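A.B. asks:
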Amino acid sequence: MSDQGELARMRRSYRTARLEAADVDADPIAQVSRWLADAAAADLREPNAMVLATVGGDGLPSARTVLLRAIDAEGLVFYTSYRGRKAAELAANPQAALLFPWVDLERQVAVRGTVAKVTAAESDAYFASRPRGSQLGAWASEQSTVVPGRAAFERRLGELDSRWHDTAVPRPDDWGGYRVSPVEVELWQGRPDRLHDRLRYRCNADGWTLERLSP
Ligand SMILES: Cc1cc2nc3c(=O)[nH]c(=O)nc-3n(C[C@H](O)[C@H](O)[C@H](O)COP(=O)(O)O)c2cc1C
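The following block contains the structure:
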């Protein structure tokens with residue numbers, strides 16, 4: 060970016076769609092599934108990519124992209140190492156935020172919720188469905204640790220490949236899924252003049268309430 064003015068001049072008006080309470084599903088999971096289907100139909104690159112924010116014991120938030128691998132009545136599931144930084148932060152504070160930045164659709168979905176590991180059976184089933192290279196990669200990498208270079212884990216990948224050359228690669232115990240169970244889900248649809256539509260679901264004793272938020 061050549062100068063700060065260029066950033067300040069980047070400006071689009073959002074005119075694609077609108078968002079009314081009457082048009083959305085009373086269940087936020089069903090609604091997010093609907094918008095996921097729209098994102099997939101729009102041929103977005105990685106429509107299931109979402110930013111995961113966590114806060115560990117030091118109070119300093121961290122964010123990174125992960126891929127949504129399942130969505131059901133209980134929540135949204137992603138898979139990762141149980142030993143990396145996000146895992147340590149989730150162990151200290153099992154709460155997270157998720158964000159789908161569907162900018163091309165002038166939409167975002169923001170989720171806040173509590174986090175728990177999925178069952179070992181769910182992780183096994185998902186791990187078994189992954190390509191062999193990704194399965195070996197899960198063994199070869201100690202996620203989030205400092206390494207001197209790529210050579211060591213590329214060598215390790217070769218060793219692991221020989222170790223299981225004629226059998227299925229088992230799931231490492233320290234690799235699996237987390238499920239984010241939403242307590243709050245916000246849908247955002249861009250509108251002209253920055254008067255965007257924001258609808259927020261909140262979980263309460265009777266189910267979900269839906270409110271409109273000021274943009
Ligand atoms: C498009 C995209 C998808 C990603 N999907 C995953 C994923 O599903 N699981 C994962 O562990 N890391 C995924 N990553 C890498 C993470 O963003 C991150 O670098 C890694 O999980 C380490 O995070 P941590 O050190 O905070 O634990 C993805 C990155 C990108 C850019």
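Take any residue in the sequence shown, count from 1 to its spot, add 59: that is its number in my numbering.
We treat Cβ as the ideally placed atom computed from N, Cα and C, and that holds for glycine.
Since this is a predicted model, take the numbers as computed values, not measurements.
1. Where does V174 fall in DSSP's three states?
2. Using only the heavy atoms of ligand 1, determine whether one of them is closer than 7 Å to the beta carbon of T204.
3. For ligand 1, any of its heavy atoms closer than 7 Å to the Cβ of G143?
4. What whole-angstrom Cβ distance do D86 and W247 have, given they're in contact under 8 Å?
5. Among all the DSSP beta bridges, which residues are the ones paired with S240?
6. Which residues in the same chain have their Cβ closer than 7 Å to the Cβ of S72, if we skip the five residues on either side of it in sequence?
7. With DSSP as the reference, identify every bridge partner of M109, one or two as the case may be.
8. Of the choices I88, N263 and L258, whose alpha-carbon is the least far from that of L135?
9. Please return the same chain residues whose Cβ sits closer than 6 Å to the Cβ of N107, not counting the five positions on each side in sequence.
10. Using the Cα positions of L195 and G208, report the straight-line distance between them to the nearest angstrom.
11. How far does the alpha helix (DSSP H) with Q90 in it reach, from first residue to last?
12. Could you work out which residue in V242, Y237 and R214 is closest to G172 when comparing CA atoms only?
13. Pick out whichever of D256, Y260, A197 and V244 has its Cα sitting closest to the Cα of P229.
14. Less than 6 Å between C-beta atoms, sequence neighbours within five positions excluded: which residues of the same chain meet that for G217?
15. Is F212 near ligand 1, with its Cβ less than 7 Å from a heavy atom?
C.D. replies: Looking at the atomic coordinates:
1. strand
2. no
3. yes
4. 18 Å between Cβ atoms; not a contact.
5. T173
6. P251
7. V125
8. I88
9. L126 and L127
10. 18 Å
11. P87 to A100
12. V242
13. A197
14. none
15. no
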